[in-house]
Amino acid sequence: MAEEKQKPQPRVNQDIESQSEEHKLVIETLEGVDESRKCFRMVGGVLVEKTVGDVKPVLKTNHEGLQNVLKKLEQEYKSKDKEMQDWQKKHNVQVVRTN
Numbered sequence: 097m098a099e100e101k102q103k104p105q106p107r108v109n110q111d112i113e114s115q116s117e118e119h120k121l122v123i124e125t126l127e128g129v130d131e132s133r134k135c136f137r138m139v140g141g142v143l144v145e146k147t148v149g150d151v152k153p154v155l156k157t158n159h160e161g162l163q164n165v166l167k168k169l170e171q172e173y174k175s176k177d178k179e180m181q182d183w184q185k186k187h188n189v190q191v192v193r194t195n
């Protein structure tokens, strides 16, 4: 039984995925840190001084938003891929890959 080869992810997905992983790493790093401790955050190219208590909720919200965007992009990608495969079958189009 042949395994279906996984298609490469579009570049946008990879960028969002890496941003999401960075947010997750920072959130994990800040767990257990005193809420009043000073920390710095880059906002629009400007380094801003905040407290851990101010930054953690924003990071969690951003991380959740990135996860939602990733899910939507993946669903859309799968939908368009299926649409393309159906079109190929309907019009008898074969993709030839060369090395």
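The sequence shown begins at 97 in the numbering used here and counts up by one. For every residue, glycine included, the Cβ atom is placed at its ideal position computed from N, Cα and C.
For this session: Return yes when the Cβ of L155 is within less than 9 angstroms of the Cβ of Q115, no when it is not.
Result: no
Exercise. Between the C-alpha atoms of M180 and V165, what's the straight-line distance to the nearest angstrom?
Worked result: 22 angstroms
Problem set entry | Neighbourhood of S132 by C-beta, 6 angstroms cutoff - its chain only, sequence neighbours within 5 removed | T147
Exercise. Once you ignore the five residues that flank M97 on each side, which residues in its own chain have a CB closer than 8 angstroms to its CB?
Worked result: Note that M97 scores a pLDDT of 42, beneath 50, so its modelled location is shaky; the value from the coordinates is reported in the next line. There are no such residues.
For this session: Have a look at the DSSP bridge pairing and note the partners of V142.
Result: V139
Problem set entry | Buried/exposed call for H187, threshold 16 Cβ in 10 Å | exposed
Problem set entry | Candidates W183, Q190, V142 and Q171, of which the one nearest N109 by Cα | Q171
Problem set entry | V210 burial status per 10 Å Cβ neighbour count (16 or more: buried) | Missing from the structure shown is residue 210; the chain here goes from 97 to 195 and no further.
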